Amino acid sequence: MHFTKALVFTIFFLTTFLVQSQEIVGSVADRVTKKPIDGASVYFDGSSTGTITDQEGNFKIKLLYQNNATLVIRYLGYETKKIANLNETSKLKIELSEAVESLDEIVVTSDPFSRRQKLKVFKLEFLGDTKGGRNSTIVNEGEVKLYFNTYDNTLTAYCNKPLIIQNDYLGYVVNFEIEEFKIFFKKSSLERTDNIYHTVYDGSTQFYDVSSNDSKIKERREKAYLGSAMHFMRSCWSGNFKNQNFELKRGFKPVSITNFFSKENSNTALQNIRFSSDKFVIYHKKKGNYRSTLSINNIDTTYTLDRYGNYSPFQEIVFGGYMANFRIGDMLPIDYGL
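Read in order, the letters of the sequence shown are residues -21 to -1, 1 to 317 in mature numbering (1 follows the signal peptide of the UniProt record, and there is no 0).
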């Protein structure tokens, strides 16, 4: 999912994995010894739907609707495995390989900034400079390694363990496994204002609901959802973005849902669509008509859209403006409200 304002950020937890609303059954074992792995985490990426394997390494898991989510299998000391294009009718037999201990890949040659300076910028770009971001804490931030490259003015973050994020504002604990994080600056400075060209991050995400049905948190979640990219894409899937208070324009002209994209299949759960143009502007009336942009990198591509608001190929759709302001601290699981 791409977002652009004076920056771009990318979150890769959308794939082409298609699964029916049925229980997925499988087992997890060590690749070499073939012994079952007890306590491995199994979850749909970006969701709050997960489970752990039992003593025999077995698991059962499902989402309610046909979707584009990735199945992630993770266990401490082993390489994380992601599964796409799953044959849903068969039992999964998953084997994990032990993680290889290695030295840090990045060799620091020249870094003009202190860890404290770099960590401050990292947290603002990763968690967000919003109420959700400012009320989120990275529990194990000491595990994060940061490096500023003066050659291309980039700040890179990496971590050998999933980051544990405590979001008290939205009532979630989020595990985020970083695969890539990089901030591109215009000049050799950590100043954010008018200096960040774009930010890219890639990883898998697992949500745990710790809200205890708090009414204030429920209200905050609804507010975070309203006018979000997830809200917009779900309203496109259902064909009622106008009823959801979205207004879409191309130039200065309003665009209807039928003039926005065309469907290429009759599958209502997983819609294959083609966009009519490459540039749109999105407004949401209940968000003060805040302006967002939507860029389609390749209008000749067929895209897949599901009920959850997931779409693929994700790298070809770029959100900007208002919708680009949000980060992990404002993020909701893909199964929110469903």
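Here a beta-carbon is modelled for each residue, glycine too, at the ideal position from N, C-alpha and C. Note that the structure is a prediction, hence the values are computed from the model and not measured.
Checklist entry - Can you list, in chain order, the residues of its chain whose CB lies under 6 Å from that of residue 333, leaving out five sequence neighbours each side? => result The chain is shown from -21 up to 317; residue 333 falls before or after that span and cannot be answered.
Checklist entry - Closest to asparagine 222 by CA distance: which of Gly230, Lys232, Gly206 and Phe231 is it? => result Cα-wise, what sits closest to asparagine 222 is Gly206.
Checklist entry - Taking the alpha-carbon positions, what's the valine 152 to threonine 184 distance? => result Their backbone Cα atoms lie some 10 Å apart in a straight line.
Checklist entry - Rounded to whole angstroms, how far is the Cβ of isoleucine 70 from the Cβ of valine 4, which I believe are closer than 8 Å? => result The residue you asked about is not isoleucine; residue 70 is lysine in the sequence shown. About 5 Å; that satisfies the 8 Å criterion.
Checklist entry - Can you list, in chain order, the stretches of the beta strand (DSSP E) that have 3 or more residues and sit fully within the region 15 to 77? => result DSSP runs (the beta strand (DSSP E)) wholly in the region 15 to 77: 20 to 23, 29 to 31, 37 to 40, 50 to 53, 60 to 62 and 71 to 75.
Checklist entry - For arginine 240, which option in Asn251, Glu74 and Gly111 has the closest C-alpha, if you only look at C-alpha atoms? => result In the sequence as displayed, the identity of residue 240 is phenylalanine instead of arginine. Measuring from the Cα of phenylalanine 240, the nearest candidate turns out to be Asn251.
Next on the checklist: For a minimum of 3 consecutive residues, which ranges assigned as the beta strand (DSSP E) are wholly contained in the region 118 to 164?
Outcome noted: Taking only runs of at least 3 residues, the beta strand (DSSP E) segments lying wholly in the region 118 to 164 are 124 to 128, 133 to 137, 142 to 146 and 151 to 164.
Checklist entry - Could you give the distance in angstroms between the alpha-carbon of residue 327 and the alpha-carbon of arginine 95? => result Residue 327 falls outside the range modelled here, since the chain spans only -21 to 317, and no answer is possible.
Item to check | Bridge-paired residues (DSSP) for tyrosine 282 | outcome: Per DSSP, Ile252.
Item to check | Reference asparagine 304, options Ala203, Gly107, Ser190 and Ser27, closest by Cα | outcome: Taking each of Ala203, Gly107, Ser190 and Ser27 in turn and checking the Cα distance to asparagine 304, the smallest one comes out for Gly107.
Checklist entry - Do the CB positions of asparagine 224 and lysine 161 come within less than 8 Å of each other? => result No.
Checklist entry - Rounded to whole angstroms, how far is the Cβ of alanine 8 from the Cβ of glutamate 74, which I believe are closer than 8 Å? => result About 5 Å separates the two Cβ atoms, so the contact holds.
Item to check | threonine 237 in three-state terms, based on DSSP | outcome: For threonine 237, the three-state secondary structure derived from DSSP is helix.
Checklist entry - Nearest to phenylalanine 186 by alpha carbon, out of Asp314, Lys14 and Asn47? => result Residue Asp314 is the option with its Cα nearest to phenylalanine 186.
Next on the checklist: Give me the DSSP bridge partner(s) of residue 329.
Outcome noted: Nothing can be reported for residue 329, as the shown portion of the chain is limited to -21 through 317.
Checklist entry - Taking DSSP as the reference, what is the three-state secondary structure of valine 100? => result Valine 100: helix per DSSP, three-state reduction.
Checklist entry - Mind checking alanine 203: buried by the 16 CB within 10 Å criterion, or exposed? => result Alanine 203 should be labelled buried.
Next on the checklist: What residue range does the beta strand (DSSP E) around asparagine 175 cover?
Outcome noted: The sequence shown places isoleucine at residue 175, not asparagine. First-last of the beta strand (DSSP E) with isoleucine 175: 175 to 188.
Item to check | Alpha carbon of threonine -6 to alpha carbon of arginine 229, nearest angstrom | outcome: Model confidence at threonine -6 stands at a pLDDT of 38, short of 50, so the residue's coordinates are unreliable and nothing is read from them.
Checklist entry - What first and last residue would you give for the alpha helix (DSSP H) that runs through arginine 199? => result Segment 194 to 204, the alpha helix (DSSP H) holding arginine 199.
Checklist entry - Going by C-alpha distance, which of Lys72, Lys110 and Phe127 is nearest valine 100? => result Checking every option, the nearest Cα to that of valine 100 belongs to Phe127.
Checklist entry - Roughly how many whole angstroms lie between the Cα atoms of isoleucine 236 and leucine 227? => result In this structure, the CA atom of isoleucine 236 is about 9 Å from the CA atom of leucine 227.
Next on the checklist: Check for me: the alpha helix (DSSP H) holding phenylalanine 211 runs from which residue to which?
Outcome noted: Element bounds for phenylalanine 211: 208 to 217.
Item to check | Opposing strand residues paired with serine 291 [DSSP bridges] | outcome: DSSP lists Thr283 as partners of serine 291.
Item to check | Beta-bridge partners of leucine 227, as assigned by DSSP | outcome: Bridge partners of leucine 227: Ile261.
Item to check | Same chain, Cβ closer than 6 Å to glutamine 34, neighbours up to 5 away in sequence not counted | outcome: For glutamine 34, the CB contacts under 6 Å within the same chain, skipping 5 residues up- and downstream, are Asp17 in chain order.
Item to check | Bridge partners - glycine 5, DSSP secondary structure assignment | outcome: DSSP output for glycine 5 lists Phe38 and Leu71 as bridge partner(s).
Next on the checklist: Do glycine 111 and residue 322 have their beta-carbon atoms positioned less than 8 Å apart in this structure?
Outcome noted: Outside the modelled stretch of the chain, which goes from -21 to 317, sits residue 322, for which no answer is possible.
Checklist entry - According to the neighbour-count rule (16 or more other Cβ atoms, all chains shown, within 10 Å of its Cβ), is phenylalanine 38 buried or exposed? => result Under this definition phenylalanine 38 is a buried residue.
Item to check | Test item: CB-CB of leucine 125 and lysine 102 under 8 Å | outcome: No.
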